Structure formats: C-alpha cells, structure tokens
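Trainee:
Protein chains: 2
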Amino acid sequence: MSKSKASEPNVVFIGSKSVMSYVLACITQLNEGNQDLILKARGRAISRAVDTAEIIRHRFVPDAQIKNIEISTEKIERSEGGTANVSAIEITISKKK
Amino acid sequence: MSKSKASEPNVVFIGSKSVMSYVLACITQLNEGNQDLILKARGRAISRAVDTAEIIRHRFVPDAQIKNIEISTEKIERSEGGTANVSAIEITISKKK
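Chains as they are written, first to last, in the numbering used here: chain A, 10 to 106; chain B, 10 to 106.
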C-alpha cells in the first residue's frame, strides 16, 4: 500500500544531482505501484528532467509512457533582491496498464 | 514517424547562442505569417528552447500558444568513435487565429 502525500500526486523534483539518482527515485516510485509520476524542474535542470524521462522509458520501464508535458514561467526571489523569471517543465509519466 | 523535408514546417534549431537571438528568429518567422513554428533542441540546449518559447508567448507574441511538446532520444556520432544517446525536445508554437 502506498500512501498518497496530501493531494499532490507523486512528484520528483529534478535538481543538480546526477541523472541516475533521479532515475532511481522515479523507478522506486513507479515500482511502489504509483500510476502517475510528475517530474518537475526549473532552469538548467530542465534538460536533466528530459534525460531522466527518456532513460526511464527507454531503458528501465518499457511500459512507462509520457502522458503530458507542460512548460511555464516561475518567478523566483533573487538573493540580492528583486525577482527573476525562470522557465519550468512538468513531465507526467504514467505506466501502461 | 517519418517527415518529408519538403513539407516540413518552419523549424528553428536552438543551439548555444543567446536566448534572445532565437527569440528574434522565431518572432521573424511568426510575423512572416507562418502559423506553426517548431523549436528543436538537443542536450543542454533543451532548457534554452523552453526559455525561448516562454519569452515569446509571455513577452512578445501574446497570441502565440504552445500547441505540442515532444521529447525523444537521438543517437549522435562521437568524434572519438561510437555513438552516444542525447535527449531532444520539439516545441510546436502556433498563433491563435
């Protein structure tokens, strides 16, 4: 039995670690029986999110498919004050039944 | 999916130049009356392609919308021999009528 965290579906945030560590995190989630998985990334990590999704479906989870991809712009606070715009991506992966 | 090059719509390849140079190239294409525009990028340029699409629709062309996003894996030849896998993205932008 997997517990759903609040109402949000299973989200993996892609940051600056190695691609393989995110691939592993995603595979773990999918093997726990979660049907849908959302990869979220901002800025330069966007390419890594795409890498992660591609490696999962081509190499490790053949019955995984890309369900949806959305891009957006987020405002982030700069440490020196003011805000900056940063692009973001959300890739939804789901397992075929 | 095989596309014939002749019928291929307007494609802008995103590489390592500044985001704004690609934004300008896309705006020029859209202003020439082209309804659809495809941004293509590979590897680390993927984030730049997302930036380009977001800047176009939020800042310069309010009636532009993201029609489709696809990700894939391409094989590239290494200069030292052998092949490497690289992720790729295709973002289709279209102008609302």
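C-beta atoms are modelled at their ideal positions from N, C-alpha and C, and glycine is treated no differently. Remember, predicted model here, so these are calculated numbers, not experimental data.
(1) Roughly how many angstroms lie between the CA atoms of Glu-83 of chain B and Ala-58 of chain A, to the nearest whole one?
(2) Taking CB distances under 8 angstroms as the criterion, tell me whether Ala-62 of chain B reaches chain A.
(3) Is any beta-carbon of chain B found at less than 8 angstroms from that of Glu-41 of chain A?
(4) Starting from the beta carbon of Thr-82 of chain A, find every residue of chain B whose beta carbon is closer than 8 angstroms, and list them in chain order.
(5) Ile-55 of chain A and Ser-27 of chain A - do their beta-carbons sit closer together than 8 angstroms?
(6) Check the Cβ of Arg-53 of chain B against every Cβ in chain A and list those closer than 7 angstroms, keeping chain order.
(7) Kindly list, in the order they appear in chain B, the residues whose Cβ is closer than 9 angstroms to that of Ile-85 of chain A.
(8) Alpha carbon to alpha carbon, how far is Arg-68 of chain B from Ala-62 of chain B?
(9) Helix, strand or coil: which one does DSSP assign to Ser-56 of chain B?
(10) Give a yes or no on whether 8 angstroms exceeds the smallest Cβ distance from Phe-22 of chain B to chain A.
(11) Could you pull the start and end residues of the alpha helix (DSSP H) that Gln-74 of chain B belongs to?
(12) Quick one: grab the DSSP three-state call for Glu-99 of chain A.
Mentor: In brief:
(1) As a working note, residue 83 of chain B is residue 74 in the second sequence. As a working note, residue 58 of chain A is residue 49 in the first sequence. Taking the straight line joining both Cα atoms gives about 16 angstroms.
(2) Mapped onto the second sequence, residue 62 of chain B falls at position 53. Chain A, which has a Cβ nearer than 8 angstroms to the Cβ of Ala-62 of chain B, makes this yes.
(3) Position 32 of the first sequence holds residue 41 of chain A. Closer than 8 angstroms: no.
(4) As a working mapping, residue 82 of chain A is identified with position 73 in the first sequence. Residues of chain B passing the Cβ test: Glu-63, His-67.
(5) Along the first sequence, read from residue 1 onward, the residue named residue 27 of chain A stands at position 18. Along the first sequence, read from residue 1 onward, the residue named residue 55 of chain A stands at position 46. Contact: no.
(6) To locate residue 53 of chain B, count along the second sequence from 1; it is residue 44. Ser-56, listed in chain order.
(7) Residue numbering aside, residue 85 of chain A sits at position 76 when the first sequence is read from its first letter. Here the premise fails: no neighbours, minimum Cβ distance about 14 angstroms.
(8) To locate residue 68 of chain B, count along the second sequence from 1; it is residue 59. To locate residue 62 of chain B, count along the second sequence from 1; it is residue 53. Spanning the two alpha carbons is a distance of roughly 10 angstroms.
(9) To locate residue 56 of chain B, count along the second sequence from 1; it is residue 47. Three-state DSSP puts Ser-56 of chain B in a helix.
(10) Taking the first residue of the second sequence as 1, we reach residue 22 of chain B at position 13. It does not: the Cβ of Phe-22 of chain B has no partner Cβ on chain A nearer than 8 angstroms.
(11) Along the second sequence, read from residue 1 onward, the residue named residue 74 of chain B stands at position 65. Run containing Gln-74 of chain B: none in the alpha helix (DSSP H); it sits in the beta strand (DSSP E), 73–86.
(12) Within the first sequence, the letter at position 90 stands for residue 99 of chain A. Of the three classes helix, strand and coil, the one that applies to Glu-99 of chain A here is strand, per DSSP.
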